[in-house]
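FYI, the numbering for the sequence shown is -24 to -1, 1 to 216, going by mature numbering (1 follows the signal peptide of the UniProt record, and there is no 0). Cβ coordinates follow ideal geometry from the N, Cα and C atoms, glycine included. Every value quoted in this text rests on a predicted model; they were computed, and no experiment measured them.
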Amino acid sequence: MQQKNRLQKWSLGLALMVSLPVMADTANIKKQLAKMIPDAEQALIVETPIKGLYQVTVDTQVVYMSEDGGYLLSGSFINLATRKNLTELAQTAAYKKVMAGFDEKSMIVYPAKGTVKHQVTIFTDIDCPYCTKLHHEVPALNEAGVSVRYMSYPRAGVGSASYNKAVSVWCSDKPTEVMDDAMNKLPVPAKTCANPIASHLSQVQRLGLNGTPAILLESGELLPGYVPANELIKLLNKPS
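This is the structure:
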């Protein structure tokens, strides 16, 4: 949450600034970023097709800044000739980079049957009806060669009933079986242990997720909300 708040603050601050003297490189952009966020040196700054406008990626946040560092734009940057949303492409790349750091040992995994063709990472909430609906289609995904990796996103927050259920599932001796029970609204024995739920929630904030289920493909593409298994399989098998 702190990361998101910092990004909101520097976005607002930069949007209100007047323009500064123009320089022929990104020095002014870097200087302004350093004033706004502590991890500014990690920002990826690349030139856009519009002269003097740069794409700035900080972790998973993508914005645009003028070369002088005095103006900021937030929104979709679309190439009308190709119909490609360049902002989405940049964000997908950022999500993929973040996903590379996920610890699969902290997840509940339903492995593909036979040869693994694809894997999806799903942020789920045990008390979300559409998460339950998607969970009932996990066997179909597995049969199609898709491994399903669950991370927890109890939207009611830390200490809520949903959070406590997630802890009990992740702490159980047979998490996939207990997850099945929880998704079928069967009683789940209360259990606690050192668990990854809080760290999963920190990734939710980092990625800017605001709903469940949230499906991340291997490419880093985010599919917000429920997607039927047959449609998801077609999408995964679609030539890139």
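Under the three-state reduction of DSSP, residue 126 is assigned to strand.
Between the C-alpha atoms of residue 172 and residue 57 there is a straight-line separation of about 44 Å. Residue 211: member of the alpha helix (DSSP H) spanning 205 to 213, first to last residue. In the displayed model, residue 118 falls within a helix according to three-state DSSP. Residue 104 is classed as buried because its beta carbon has at least 16 other beta carbons within 10 Å across all chains shown. Taking all protein chains in view, the Cβ of residue 189 is crowded by 16 or more other Cβ atoms within 10 Å, so the residue is classified as buried.
In the DSSP assignment, residue 41 forms a beta bridge with 30, 48. Residue environment: residue 140 is assigned as buried (16 or more neighbouring CB atoms within 10 Å of its CB, all protein chains considered).
Relative to residue 203, the option among 196, 35, 98 whose CA is nearest is 98.
Between residue 83 and residue 125 a beta carbon distance of about 5 Å is seen, short of the 8 Å cut, so the two are scored as contacting. Cβ contact annotation for residue 87 (same chain, cutoff 6 Å, sequence separation greater than five): 123, in chain order.
The beta carbon of residue 111 sits closer than 6 Å to those of 159, all from its chain and outside the five residues before and after it, given in chain order. Of the other Cβ atoms in all chains shown, fewer than 16 fall within 10 Å of the Cβ of residue 136; this residue is therefore exposed.
Sixteen is the threshold: when 16 or more other Cβ atoms of the shown chains lie within 10 Å of the Cβ of residue 43, as they do, the residue is buried. Rounded to whole angstroms, residue 96 and residue 194 show a C-alpha spacing of 6 Å. About 6 Å separates the Cβ atoms of residue 71 and residue 183, confirming a contact at the 8 Å cut-off. Your pair residue 52 and residue 39 does not check out as a contact, with CB atoms roughly 11 Å apart and the cut at 8 Å. Following the DSSP letters along the chain, one finds residue 100 inside the beta strand (DSSP E) bounded by residues 94 to 100. In the structure shown, residue 151 adopts helical secondary structure according to DSSP, grouped into three states. Counting the other CB atoms within 10 Å of its CB gives residue 143 a total of 16 or more, which places it among the buried residues. In the DSSP assignment, residue 88 falls outside any alpha helix (DSSP H) and carries neither an H nor an E. By the Cβ neighbour-count rule, residue 209 is buried, with 16 or more other Cβ atoms within 10 Å of its own. When the beta-carbon positions are compared, residue 116 and residue 205 come within less than 8 Å of each other.
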